[in-house]
Structures are given as structure tokens and as C-alpha cells.
Amino acid sequence: MQISANGISLEVDDRGPASGPPLVMIMGLGMQLVAWPDGLVDQLVAKGFRVIRFDNRDVGLSQRFDHLGVPNIAAGGIKHLLGMSVTSPYRLADLADDTAALIDALGLQSAHVCGASMGGMVAQHLAARHPQRVRSLTLMMTTSGARRLPQPGWKVRMALMSRPENARDPDSVIEHFVHLYGVIGSPGYPPEPATLRERLAMSVKRSYRPAATARQLMAIVADGDRTPMLAQIRQPTQIIHGLADPLVPVEAGRELARHIAGAQIDLIEGMGHDLPQPLWPRFAADIAAAAGRA
Numbered sequence: 013m014q015i016s017a018n019g020i021s022l023e024v025d026d027r028g029p030a031s032g033p034p035l036v037m038i039m040g041l042g043m044q045l046v047a048w049p050d051g052l053v054d055q056l057v058a059k060g061f062r063v064i065r066f067d068n069r070d071v072g073l074s075q076r077f078d079h080l081g082v083p084n085i086a087a088g089g090i091k092h093l094l095g096m097s098v099t100s101p102y103r104l105a106d107l108a109d110d111t112a113a114l115i116d117a118l119g120l121q122s123a124h125v126c127g128a129s130m131g132g133m134v135a136q137h138l139a140a141r142h143p144q145r146v147r148s149l150t151l152m153m154t155t156s157g158a159r160r161l162p163q164p165g166w167k168v169r170m171a172l173m174s175r176p177e178n179a180r181d182p183d184s185v186i187e188h189f190v191h192l193y194g195v196i197g198s199p200g201y202p203p204e205p206a207t208l209r210e211r212l213a214m215s216v217k218r219s220y221r222p223a224a225t226a227r228q229l230m231a232i233v234a235d236g237d238r239t240p241m242l243a244q245i246r247q248p249t250q251i252i253h254g255l256a257d258p259l260v261p262v263e264a265g266r267e268l269a270r271h272i273a274g275a276q277i278d279l280i281e282g283m284g285h286d287l288p289q290p291l292w293p294r295f296a297a298d299i300a301a302a303a304g305r306a
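Going by my numbering, the residue at position 158 of the sequence shown is 170; the numbering climbs one at a time, nothing skipped.
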């Protein structure tokens, strides 16, 4: 369903008991709400949560921002490396404001919040900018953006920056994502190939907006170091990070735990930068534990 929030239209999926504690789930770079697996959502609903997934602005079925153009990622990256300021079509803080407005539009005073990867960065802003809206915080495979943290290797960077051979051919796009997940996924929990392709095909058929991914990537680059902001986060916080994450190395999770007061951390052997099915019960338990501390 479409909901108007912060002056834009967001696509929202709302599951579980209306009277249950609301859990808003924020997905990562260029990813749609369907990247939160239905099976994980089902486990959270079984724990009593009202689970609210949504497409961030510019991706999936939410409002497009094509009028803002496609940013020069290479130029932005060079400026970032040189310590220069970087501008972006919109900010991660804008996505956080979208989320706060969505919570309000749903008639809720507050919600538990879970963010993955870029969604975790947005969740940090949400907890700091709108503390009254966030009951508890779960940050999955994400980072403060501090420059001192280890960075992904060149193989990972090249995979992330690569493009499908033919962006108009769904099969080519699917193959591109299969390769990407092969690079950043969990070595300890490799997906069944047919299942992975089926999920990717469903996602690509639903929506594929590479220009939006570029705009969101520039927002990440422009956001810089959020470490000073972490001291403002007072909500019960759970950090989940894979020990084998090649895209956001595990030290990023440890760094978040050091800077967010009272944060607890679950470091998972064999987990990379994805949401493997065998770990869904563990994810659900961690999210519920954070909510239980609120």
C-alpha cells in the first residue's frame, strides 16, 4: 500500500497483529522491502510483532527521484578520500525523516526499529534525530562511517561498482546480482542457487532502479563519520554483525558497540553481508531481546 509521509509516497507492507508492538525495518542500499525475507518476517510476527517493511524513497515502488539526475560517484569518492565535502541529491537524514513521518502516518507514537547496512545508517540518524519515535534499535551489518575503520577490499569494491552487461535484460541483471551475492554473501551459509535466483528474479521483476542506487550511494559517501552522533543514541541497542562480512568488516560493528551506551553485540561466525535463512531465528531472537529491554 502507498502511504504519504514527509511529503512523498512510500510503498509499505504491514503484517502481524495491529495491536502488537510495531517493528519498522529499514533496508539497505538500493534494496527493496522484499529484501527482508518473508520467512524472517513470519518469525517476527510469530513473536507478536507488527512488522512494517517499506521501500525507501527512490527505490522499489516508492516515489522516484529521477529529476535529481545521476551523481558522479567516482568524483564523489575522490573528494571523500581527499577529505573534501561531498554533496548528494538527498541525505541519509532525509531517509530518517521519511521513516519518522511514516511512523506518524501509521498513527503510531513510536516503534522498535531494525536497519540493515545503509538501513542501519538511516536508523542511527532516526534514533538521534527522532528519539521519541524509537523504542529500541537493532543495527545489522552496518557502520558509523568512521574513516579509521577497515574498508572492503578491491574485489568487493569492484563487484559493488560493476554493472550488468545489459541493464535492459532481466536475466543479465539477475546474473549481476548472483555474482555480487557470491562476493559479499555468507561463506558459512551459502544459499541454495535456485532459491537465490528465484528471490532475485522476483525483486528485479518488481523494480530495478540503478540510478536510485547511485543517488543513495552518494548519500552514504556524503554522510561521513557519524561517530559524534552515536553518543545521542540512548535507546536499547542490539548490534548484529558477521565475522566474515567482506563489505562492512566486523570492526565496524565492534566500533558501534563501543560508542552506543549499553549496546549489546552478537558477532556471528560465517556470516557475511546478507541474511541467510539458517540465521533467521537468531536475528528474530536478537531483535526481540532489544525490544524486551525497552
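Here a beta-carbon is modelled for each residue, glycine too, at the ideal position from N, C-alpha and C.
Own chain, CB closer than 7 Å to residue i, minus 5 neighbours either side, in chain order
i    : result
A256 : S198, P199, G200, G282, M283 and G284
Q163 : none
F61  : G28, G32, P33 and L35
L107 : N68, R69 and V134
N84  : none
E267 : S156, A158 and L161
Beta-carbon gap between residue i and residue j smaller than 7 Å
i    : j    : result
L41  : Q228 : yes
R145 : S122 : yes
R238 : G157 : yes
D78  : A17  : no
V71  : M153 : no
V168 : P288 : no
L149 : Q247 : yes
Cβ-Cβ separation, residue j to residue i (assumed contact under 8 Å), whole Å
i    : j    : result
L73  : S219 : 6 Å
M230 : P143 : In fact, because the Cβ distance is near 27 Å, the residues do not count as touching under 8 Å.
A273 : I251 : Between I251 and A273 the Cβ distance is about 13 Å, and since that is not below 8 Å, they are no contact.
H253 : L279 : 6 Å
L56  : Q136 : Their Cβ separation, rounded to whole angstroms, is 21 Å, which puts L56 and Q136 out of contact at 8 Å.
Option nearest residue i by Cα separation, candidates the options
i    : options                 : result
L120 : D26, R159 and A224      : D26
M13  : L45, A112 and P49       : L45
A86  : A234, A30, K59 and H142 : A234
S5   : A140, G236 and L242     : This structure leaves residue 5 out entirely; the chain is present only between 13 and 306.
L192 : I299, L208 and Q55      : L208
R175 : E23, F295 and A223      : A223
T99  : A113, V262 and V82      : V82
Backbone secondary structure at residue i - three-state DSSP
i    : result
L192 : helix
L22  : strand
V53  : helix
P33  : coil
D235 : helix
M214 : helix
H79  : helix
Q136 : helix
L151 : strand
Own chain, CB closer than 6 Å to residue i, minus 5 neighbours either side, in chain order
i    : result
F189 : L212
CB contact below 7 Å: residue i versus chain D
i    : result
G200 : In summary, chain D is missing from the structure at hand, where a single protein chain is found.
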